[in-house]
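Structure, as structure tokens:
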Amino acid sequence: MNRLIETLIDKQGHELVNVPAELNVLIEMGFSEGEATVLINNAISAEEWLNVRIKRDGLIRDTDYLIQPDYPLSDSLKSELIIYRQALRDIPQSVVEPKDVVWPHKPVIN
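Written out as structure tokens, the structure reads:
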């Protein structure tokens with residue numbers, strides 16, 4: 002699956018970088034099966050959160066031009082866009098699990 006643990010302190014106290022998040026590799030490094038499972042689950046969660054942030058950042062970027070002062074939108078529509086963009090920014094802080102993210106609906110721009 003090629004999932005990596007970005008940084009990891011091994012049993013000897015060495016900092017390792019980009020360790021494969023694979024059960025057999027972690028067990029060979031001296032981690033118990035339970036410890037290895039936790040490390041793998043943390044790596045999966047970090048990857049899922051990264052994907053959420055990438056999507057969120059793209060959705061915000063897609064509306065950047067709409068909130069420019071010279072873009073012809075009504076004040077009420079600009080207000081809706083500001084609320085939408087803030088809801089996107091709040092996503093990582095407002096949910097516990099990446100799978101629980103509820104994406105806000107973008108206001109309709111005619």
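Read in this note's numbering, the sequence shown has 22 at position 21, and its numbers run on one by one without any break. For every residue, glycine included, the Cβ atom is placed at its ideal position computed from N, Cα and C. Just so we're clear, the structure is a prediction, and the values are computed from it rather than from any experiment.
- Residue burial is scored here from C-beta neighbours: Y85 has at least 16 other C-beta atoms within 10 angstroms and is therefore classed as buried.
- Here the alpha carbons of A88 and L67 stand approximately 16 Å from one another.
- Out of V102, I6 and E29, the CA that lies nearest to the CA of N52 is found in V102.
- Per DSSP, the continuous beta strand (DSSP E) segment holding V18 begins and ends at E16 to P21.
- Counting only the Cα atoms, T8 lies some 23 Å from Q94.
- Residues L5 of the same chain have their beta carbon placed closer than 6 Å to that of N19, with the five preceding and five following residues left out of the count.
- Exclusion of the five residues before and after A44 leaves R4, I6 and A22 as the residues of its chain whose Cβ lies within less than 6 Å of its Cβ.
- Runs of the alpha helix (DSSP H) lying entirely within the region 21-108 and spanning at least 4 residues, in chain order: 24-29, 34-62, 76-90 and 92-95.
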